[in-house]
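Data first, discussion second: the structure below is written as C-alpha cells.
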Amino acid sequence: MTRVFSGIQPTGHLTLGNYLGAMRRWAEVDQHRSDALFCIVDLHALTVDHDPARVCRLSRQAATLLLATGLDPEVCTAFMQSHVDEHTRLSYLLECVATDGEMRRMIQYKEKAARERERGGSVRLSLLTYPVLMAADILAYGADEVPVGHDQAQHVELTRDLAVRFNQRYGHTFVVPKVTLPAVAARVMNLQDPTKKMGKSDESGAAGVVYLLDEPDVVRKKVMRAVTDSGQEVVYDRETRPGLANLLEILAACTDGNPESLASVYDSYGALKKDTAEAVVEVLRPVQARHRELCADPTYVEGVLRDGAEKARAMARPIVDTAYRAIGLLPPV
Ligand code: AQP
1034 MTRVFSGIQP TGHLTLGNYL GAMRRWAEVD QHRSDALFCI VDLHALTVDH
1084 DPARVCRLSR QAATLLLATG LDPEVCTAFM QSHVDEHTRL SYLLECVATD
1134 GEMRRMIQYK EKAARERERG GSVRLSLLTY PVLMAADILA YGADEVPVGH
1184 DQAQHVELTR DLAVRFNQRY GHTFVVPKVT LPAVAARVMN LQDPTKKMGK
1234 SDESGAAGVV YLLDEPDVVR KKVMRAVTDS GQEVVYDRET RPGLANLLEI
1284 LAACTDGNPE SLASVYDSYG ALKKDTAEAV VEVLRPVQAR HRELCADPTY
1334 VEGVLRDGAE KARAMARPIV DTAYRAIGLL PPV
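Numbering (the working numbering), first residue to last: 1034 to 1366.
See below:
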C-alpha cells in the first residue's frame, strides 16, 4: 500500500493556504487511499525566533485543527514530531550526506533568513539545516508520496536527492519519495499582496491572510478588501492579473470548480469577491464547528497524539536502525 507522509509547522495560526494547499487533501483523499502519517512538525518551529509558550499553544491548536479537518485517528497516524526521536536521529546521518551549498540554495531558507535579518535578529543554524530534518521526517517512514503545497516542493526534491545519494553510497536503505501537488490552490497568495504567498508566520502581511479560525465576518472583510488588479474584465491570468487569479483559484478550490471557467461567469470584481468570501466561509464552517467540539475535550486530542507517536515510532525505528548500520555505526550491544 502506498505510504504518504506530510507535516505542518506550528509557526503561526493555520491559514486558508495550509488548508487548500495541503490539509483538505489529507483529510478528504490521502488518509483513505493510503497508509498515511500526518505530523505536527514542532521542531521546525524552533528554527526562527520563537516564544516557547506560543509554540506549545500553537502545536496543540494545530493538532486539534488537523482532527477538525477530518483526519480520523482510526484510519491514519497523527502525531507530534518531537515525540518520536527517530526524526532527529536520522537527521544527523542525512547531514552527513548533504552539503552546505545545497542548503543555501533553498528558496525558503533565503526568504526566512532575510526576514530574520530585517527584524535585526540572527539566523539560526537550524534554519539552514531545516530541509535535512524535513528529509528525515519523510525518509524515516519509507513514504512513497508527500502531498504538499508548491512552496514545499523544493524541499521534497532535496529529500529525493539525499535518499538517492545515501542509497548509492551505503546500499539501498530509503524509499525515494515523490511530491504530489493539489490541482488548484497549490500556492494561495496573500490577499493584500498577491505576489507573495499567504504565509502563517508573515506578520507584516497578516491583513491579507485568512486564518482557519477567523470569524465569518472577518473572512468576509478580508476577502472584500483583497487587492485586485487594474482593469474591468474578469480574466484568469496569473502573470498579469495575480490578484484576480488568486481569488479565482480560491473560489475554484472551495467550490470544486475551475478558475478559467469561473472567470467567464463574472462581470464585476465585487460579485467575484462576494461569492469567494461566502465560499470560504462555507468551507471553514464545519472545520470551525468541529474545532469547538474538540477544544471541549482536550484529553481526546492528547490520547490521539500519544497513540500516534507510538505507532509512528514503531514504523520509523527499523528504518532508522538500518540507516545507522548502513552508514557504518556499530550497533549497540
Ligand atoms: N499559501 C499556501 N498555499 C498553498 N499551500 C500552502 N502551504 C503553506 N502555505 C500555503 C502548505 O501547507 C503545508 C504546511 O505548511 P508548513 O507548515 O510546512 O509551512 P510552510 O510551507 O513553511 O508555509 P506557511 O504555512 O506559510 O508557514 P511559514 O509562514 O512558517 O513558512 C505545506 O504542504 C505547505 O506547502
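In this text, a Cβ means the ideal position worked out from N, Cα and C, and glycines have one as well.
Nearest to residue i (by Cα), restricted to the options the options
i, options, result
"PHE1071", "ARG1220, THR1213, ASP1270, PRO1180", "PRO1180"
"HIS1046", "GLU1311, VAL1313, VAL1242", "VAL1242"
"LEU1214", "GLY1054, LEU1246, LEU1284", "GLY1054"
"VAL1316", "GLN1185, LEU1246, LEU1172", "LEU1246"
"ILE1360", "LEU1305, THR1102, GLY1134, SER1124", "SER1124"
"THR1044", "MET1056, ASP1084, TYR1052, LEU1191", "ASP1084"
"VAL1334", "GLN1141, ALA1168, LEU1098", "LEU1098"
"PRO1275", "THR1162, THR1228, SER1092", "THR1228"
"CYS1328", "LEU1049, ARG1090, GLN1042", "ARG1090"
"THR1132", "LYS1233, PRO1164, VAL1313", "PRO1164"
"GLU1151", "ASP1330, ALA1345, GLN1042, SER1237", "SER1237"
"ASP1184", "GLY1050, LEU1362, PRO1351", "GLY1050"
"PRO1351", "ASP1118, ARG1318, GLY1134", "ASP1118"
"TYR1052", "MET1167, GLY1232, LEU1161", "GLY1232"
"MET1167", "LEU1076, VAL1088, TYR1244", "LEU1076"
"GLN1141", "LEU1191, GLY1153, ARG1087", "LEU1191"
Own chain residues within Cβ distance below 8 Å of residue i, not counting five before or after
i, result
"ASP1170", "PHE1038, GLY1040, CYS1072, VAL1074, GLN1114, HIS1120"
"VAL1209", "ARG1193, ALA1196, VAL1197, ASN1200"
"LYS1307", "MET1257"
"ARG1318", "PRO1249"
"ALA1048", "It should be pointed out that residue 1048 corresponds to Thr in this sequence rather than to Ala. Cβ neighbours of THR1048 beyond the five flanking positions: VAL1221, MET1231, GLY1232, LYS1233, VAL1242, VAL1243, TYR1244, LEU1245."
Distance between residue j and residue i (C-alpha atoms, nearest Å)
i, j, result
"HIS1116", "TYR1299", "49 Å"
"ARG1058", "GLU1326", "22 Å"
"GLU1144", "VAL1260", "23 Å"
"PHE1437", "ALA1342", "Coverage of the chain is limited to positions 1034 through 1366, which leaves residue 1437 absent and any answer about it impossible."
"GLU1266", "THR1309", "17 Å"
"ARG1323", "GLU1061", "15 Å"
"ASN1223", "ASP1262", "14 Å"
"GLN1064", "VAL1212", "16 Å"
"GLY982", "LEU1104", "The displayed coordinates of the chain run from 1034 to 1366. Any statement about residue 982 would go beyond what the structure contains."
"VAL1268", "TYR1302", "10 Å"
"VAL1156", "ALA1304", "44 Å"
"GLU1178", "ARG1036", "6 Å"
"ASP1340", "GLU1107", "10 Å"
"ALA1176", "GLU1311", "37 Å"
"VAL1337", "CYS1109", "11 Å"
"LEU1172", "SER1297", "44 Å"
"ASP1330", "ARG1093", "12 Å"
"THR1332", "SER1234", "28 Å"
"ARG1373", "LYS1230", "Coverage of the chain is limited to positions 1034 through 1366, which leaves residue 1373 absent and any answer about it impossible."
"GLU1272", "THR1162", "33 Å"
"VAL1251", "GLY1134", "43 Å"
"LYS1344", "ALA1086", "27 Å"
"GLN1042", "VAL1088", "10 Å"
"GLY1153", "ALA1146", "11 Å"
"LEU1362", "ARG1137", "28 Å"
Same chain only: Cβ atoms within 7 Å of residue i, ignoring 5 sequence neighbours per side
i, result
"ARG1358", "PRO1364"
"MET1034", "SER1067, ASP1068"
"MET1348", "TYR1174"
"VAL1355", "Note on identity: in this sequence residue 1355 is Thr, with Val being the wrong assignment. Correct list, in chain order: THR1206."
"ARG1122", "VAL1353"
"SER1159", "LEU1079, THR1080"
"PRO1249", "VAL1314"
"ASP1270", "ALA1278"
"LEU1280", "ALA1259, LEU1305, LYS1306, THR1309"
Whole-Å CB distance - residue i paired with residue j, under 8 Å assumed
i, j, result
"GLN1187", "MET1139", "6 Å"
"GLU1264", "ARG1220", "Looking at the sequence provided, one finds Gly at residue 1264 rather than Glu. Not a contact, Cβ separation roughly 22 Å."
"LEU1284", "LEU1295", "6 Å"
"ALA1101", "VAL1320", "5 Å"
Contact set for residue i: own chain, Cβ-Cβ below 6 Å, skip 5 residues either direction
i, result
"GLU1282", "VAL1217, ALA1218, PRO1292"
"ARG1198", "VAL1130"
"ALA1240", "GLN1225"
"MET1056", "THR1102"
"LEU1189", "In the sequence on display, residue 1189 carries Val and not Leu. Excluding sequence neighbours, VAL1189 sits near VAL1179, VAL1212."
"ARG1346", "VAL1117"
Closer than 8 Å to chain B by CB, residue i
i, result
"ALA1176", "Annotation note: the requested chain B is absent from the structure, which comprises a single protein chain."
(request) Inspect the CB distances between the region 1249 to 1258 and the region 1288 to 1297 and report whether three or more fall short of 8 Å. (result) no
(request) Check whether the region 1121 to 1134 touches the region 1078 to 1098, counting contact only when three or more Cβ pairs, one atom from each stretch, lie closer than 8 Å. (result) no
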